[in-house]
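So the sequence shown is numbered by this note's numbering: it starts at 6 and just counts up by one. As structure tokens, the structure follows; a few thoughts come after it.
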Amino acid sequence: MRLVLLTALLLAAGAAHAETRMYGHVAVAFGGERLATIELEDGTRDDLRAGTGFAINLGLVHHFEEAPFSLQAGAGYFARITAAVDSRARFSRYPLEVLGFWNNGDHRFGGGLVHHMSPTLDLDNLGGKASFDAATGVALEYGYKFFSVRYTAIDYSYGGADIDGDSIGA
């Protein structure tokens, strides 16, 4: 959170004619190592994966004056929830991100750091709760107008084991 606040202050201190504005996005991502296989109410099975879920983010984006570059900083919530027999399972985390972009018309290419705080696997009545270590990774993103595709490379740690959380999202 301190990283996002510091970045916001730096963006606010930018040139008077440069543009800083709020942004928000909703995304879906797929990938990562299987954390659990859950039996659903209809008898089918569902894999709960470390990189799969829905995300919502809010933050600031700063477009530099007379340069095709922008800097984006945000925070949000990212989770995958599944309804199991007599229970539910959830893998959730709180991402912070700082990304730099090169803008060319309606296109933008960029990347940066992502930090996931409090990654937690909650199996409710199925086996308890596991809190993973906070994790830092990298993200690469291509965007066109209001649509973007992102690859995130990140590993979560729990009890000395590394769990692959890499994902592709839109």
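Ideal Cβ placement from N, Cα and C applies to all residues, glycine included. Bear in mind the structure is a predicted one, so any value in this text is a computation, not a measurement.
Item	Value
Express the C-alpha separation of Gln77 and Arg26 in angstroms, rounding to a whole number.	10 Å
Please report the straight-line C-alpha distance between Ala187 and Lys134, rounded to a whole angstrom.	There is simply no residue 187 to check, as the chain begins at 6 and stops at 175 in what is shown.
Bridge partners of Phe114, per DSSP?	Trp107, Tyr147
Give a yes or no on whether the C-beta atoms belonging to Arg95 and Phe83 are separated by under 8 Å.	no
Just verifying my parser: in three-state terms, what is the DSSP assignment at Asp171?	coil
Between Phe41 and Glu102, how many whole angstroms is the CB-CB distance? I'm expecting something under 8 Å.	Inspection of the sequence shows that residue 41 is occupied by Ala rather than by Phe. Between Glu102 and Ala41 the Cβ distance is about 26 Å, and since that is not below 8 Å, they are no contact.
Near Val31, what residues of its chain come up, given a Cβ to Cβ distance below 6 Å and the 5 sequence neighbours on each side ignored?	Ile61
Going by beta carbon distance, what residues of the same chain come within less than 7 Å of Gly19, once the five residues before and after it are set aside?	With a pLDDT of only 48 at Gly19, under 50, the local geometry of the prediction cannot be trusted, and the value read off the model is given with reservation. So the list reads Thr25, His67, once near-sequence residues are dropped.
Can you list, in chain order, the residues of its chain with a C-beta nearer than 6 Å to that of Tyr156? Leave out the 5 residues immediately preceding and following it.	Leu145, Ile173
Need the endpoints of the beta strand (DSSP E) that Glu44 sits in, please.	39-44
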